[in-house]
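Peer 1: Quick one: the structure is below, and I'll ask about it shortly.
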Amino acid sequence: MAHIIGSLTTSHVPAIGRAIAKNLQAEAYWKPFFDGYAPVHEWLRKARPDIAVIFYNDHGLNFFLDKMPTFAIGAAPEYRNADEGWGIPQLPPFKGEQKLAWHLIEQLIARDFDLTTCQEMVVDHAVTLPMALLWPDHERTGWPVRIVPVCINTVQFPLPSARRCYALGEAVGEAIRSWPSDERVLVVGTGGLSHQLDGERAGFINKDFDLQFMESLVHDPRWATQYSVHELVEKTGTQGVELLMWLAARAALGTDAGPGAVKRVHQNYHIPISNTASGLMLLEPAG
Ligand code: DHB
Ligand code: FE
0 MAHIIGSLTT
10 SHVPAIGRAI
20 AKNLQAEAYW
30 KPFFDGYAPV
40 HEWLRKARPD
50 IAVIFYNDHG
60 LNFFLDKMPT
70 FAIGAAPEYR
80 NADEGWGIPQ
90 LPPFKGEQKL
100 AWHLIEQLIA
110 RDFDLTTCQE
120 MVVDHAVTLP
130 MALLWPDHER
140 TGWPVRIVPV
150 CINTVQFPLP
160 SARRCYALGE
170 AVGEAIRSWP
180 SDERVLVVGT
190 GGLSHQLDGE
200 RAGFINKDFD
210 LQFMESLVHD
220 PRWATQYSVH
230 ELVEKTGTQG
240 VELLMWLAAR
250 AALGTDAGPG
260 AVKRVHQNYH
270 IPISNTASGL
280 MLLEPAG
């Protein structure tokens with residue numbers, strides 16, 4: 000059966016793409032952010048994932064307000080990036096892992112998750128930037144993993160609840176572990192942490208909540224499911240709800256073993272990157 004080797008969660012601010020393109024990683028503004036990824040690179044070299052299942056939120060590139068699935072999954076042979084209007088460079092296409100995607104689709108629909116299945120899909124900065132952050136050598140080595148993107152709507156209300164996203168993550172985790180193969184799967188969650196890009200509270204960041212949330216993923220992973228989406232918006236900003244991706248990714252590691260079920264390998268938290276509290280967290284199943 001396939002192995003889930005870890006859960007890696009990270010922010011996905013578009014400005015990161017421009018910093019990479021302009022080689023600004025060592026500048027004072029960017030250093031505390033990019034330095035956070037060094038231990039992850041070290042871990043990835045040893046952990047050698049074959050596949051990344053990526054919980055992310057599309058921001059209007061593949062889905063727009065005219066058609067907005069609550070949950071969608073990619074089963075495409077390839078995923079391309081396209082111009083999103085941020086002026087960030089486009090990255091080379093990612094190879095899709097179609098067999099696992101269809102296994103997930105079958106398992107999840109059998110468990111009453113009504114997914115939209117996408118055999119064609121473009122992916123935005125919420126997929127491309129985490130991939131570039133995890134594998135900065137990709138221009139030389141190519142992307143070392145095949146991907147399965149799982150998209151959660153955080154753009155158009157009503158959004159799925161934290162409770163439902165947690166359940167989705169748990170079901171994805173169980174489905175991965177039931178896939179007959181020896182592949183090593185990294186579960187990724189992208190977005191957050193607290194941020195609000197517009198309106199009266201533009202620039203809003205809530206460090207206390209973010210740190211409590213990160214801590215909860217280690218010791219009490221269902222903690223955030225006590226909050227409604229509106230409460231999460233109040234606490235973390237309109238776009239801070241992207242933390243739902245972190246919740247789904249953590250849930251994929253499983254909670255059967257209770258507290259102590261995961262080992263924290265690394266985390267970083269830095270304020271701000273653009274308008275966002277940038278967070279990074281790597282968890283391993285403790286067994
Ligand atoms: C920013 C953050 C995001 O998550 C995003 O999708 C777009 C912009 C920002 O802070 O600039
Ligand atoms: Fe975002």
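Sequential numbering of the sequence shown, starting at 0, is according to numbering that gives the first Met the number 0.
Idealized CB from N, CA, C, for every residue including glycine.
Note that this is a predicted model, so its numbers are computed, not measured.
Need the endpoints of the alpha helix (DSSP H) that I175 sits in, please.
Peer 2: Segment 161-176, the alpha helix (DSSP H) holding I175.
Peer 1: For the putative contact between V121 and N80, defined by C-beta atoms under 8 Å, what is the C-beta separation to the nearest angstrom?
Peer 2: About 7 Å; that satisfies the 8 Å criterion.
Peer 1: G172 to R200, Cα distance in whole Å?
Peer 2: If I take the Cα positions, the gap works out to 36 Å.
Peer 1: Any idea if I108 is buried or exposed, counting beta-carbon neighbours within 10 angstroms, 16 or more meaning buried?
Peer 2: So I108 counts as exposed.
Peer 1: Taking the continuous beta strand (DSSP E) assigned at P271, which residues delimit it?
Peer 2: That run of the beta strand (DSSP E) goes 261-272.
Peer 1: In its own chain, which residues sit with a C-beta less than 6 Å from the C-beta of S273, not counting the 5 before and 5 after it?
Peer 2: Correct list, in chain order: V12, A14.
Peer 1: In this structure, does DSSP put L11 in helix, strand or coil?
Peer 2: Going by the sequence as given, residue 11 is His instead of Leu. It is coil, neither helix nor strand.
Peer 1: Would you call the segment 232-242 in contact with the segment 191-208, where contact means no fewer than 3 C-beta pairs closer than 8 Å?
Peer 2: With a cut-off of 8 Å, the segment 191-208 and the segment 232-242 count as touching, because enough Cβ pairs lie within range.
Peer 1: Using a Cβ-Cβ cut-off of 8 Å, state whether P13 counts as contacting chain B.
Peer 2: Considering every chain present, this structure includes no chain B. It has just one protein chain.
Peer 1: Would you say L252 and Q266 are within 8 Å of each other, going by their C-beta atoms?
Peer 2: Cβ distance not < 8 Å, so L252 and Q266 don't count as in contact.
Peer 1: Just to confirm, does S273 get its C-beta within under 7 Å of one of the non-hydrogen atoms of ligand 1?
Peer 2: Yes, the Cβ of S273 comes within 7 Å of a heavy atom of ligand 1.
Peer 1: Helix, strand or coil: how does DSSP classify F112 here?
Peer 2: Coil.
Peer 1: Pick helix, strand or coil for F33, following the three-state DSSP scheme.
Peer 2: Helix.
Peer 1: Anything with a beta carbon under 7 Å from a heavy atom of ligand 2 counts; list them all in chain order.
Peer 2: Chain-ordered list of matching residues: H11, N56, H58, A125, G190, Q238, E241.
Peer 1: Residues in its own chain within less than 6 Å of E169 by CB, not counting five upstream and five downstream?
Peer 2: Same-chain partners within the cutoff: A250.
Peer 1: Do R221 and Y165 have their CB atoms nearer than 8 Å?
Peer 2: Yes, the Cβ-Cβ distance between R221 and Y165 is below 8 Å.
Peer 1: Am I right that T115 and P68 are in contact with their C-beta atoms under 8 Å? What's the rounded C-beta distance?
Peer 2: Right, their Cβ atoms sit about 4 Å apart.
Peer 1: Taking 7 Å as the cut-off, is the C-beta of L196 nearer than that to any heavy atom in ligand 1?
Peer 2: Yes, ligand 1 has a heavy atom inside 7 Å of this Cβ.
Peer 1: Can you tell me which of the three DSSP states S215 falls into?
Peer 2: S215 falls in the helix class under three-state DSSP.
Peer 1: Note down, in chain order, each residue of its chain lying with its Cβ closer than 8 Å to the Cβ of I270, except the 5 sequence neighbours on either side.
Peer 2: Within the same chain, I270 has close Cβ partners I204, K206, A276, S277.
Peer 1: Kindly list the residues whose CB is nearer than 6 Å to the CB of P159, restricted to its own chain and excluding five residues on each side of it in sequence; keep chain order.
Peer 2: Same-chain partners within the cutoff: T69.
Peer 1: When every heavy atom of ligand 1 is checked, does at least one fall within less than 7 Å of the C-beta of P31?
Peer 2: No - ligand 1 has no heavy atom lying nearer than 7 Å to the Cβ of P31.
Peer 1: Check the C-beta distance from A46 over to I151 and give it rounded, since I have them as a contact under 8 Å.
Peer 2: Not confirmed; about 25 Å, so no contact.
Peer 1: Should P13 be counted as a contact of ligand 1 given a C-beta to heavy atom distance under 7 Å?
Peer 2: Yes.
Peer 1: In whole angstroms, what separates the C-alpha of Q106 from that of L99?
Peer 2: Those two C-alpha atoms are separated by around 10 Å.
Peer 1: Only counting the same chain, and skipping five residues up and downstream in sequence, which positions put a Cβ closer than 6 Å to that of T237?
Peer 2: Once the five neighbours on either side are set aside, the close Cβ partners of T237 are Q195.
Peer 1: Return the Cβ separation of A285 and I175 in integer angstroms, given the expectation that the two are a contact with Cβ distance under 8 Å.
Peer 2: Going by Cβ atoms, the distance from A285 to I175 rounds to 17 Å, so no, they are not a contact pair.
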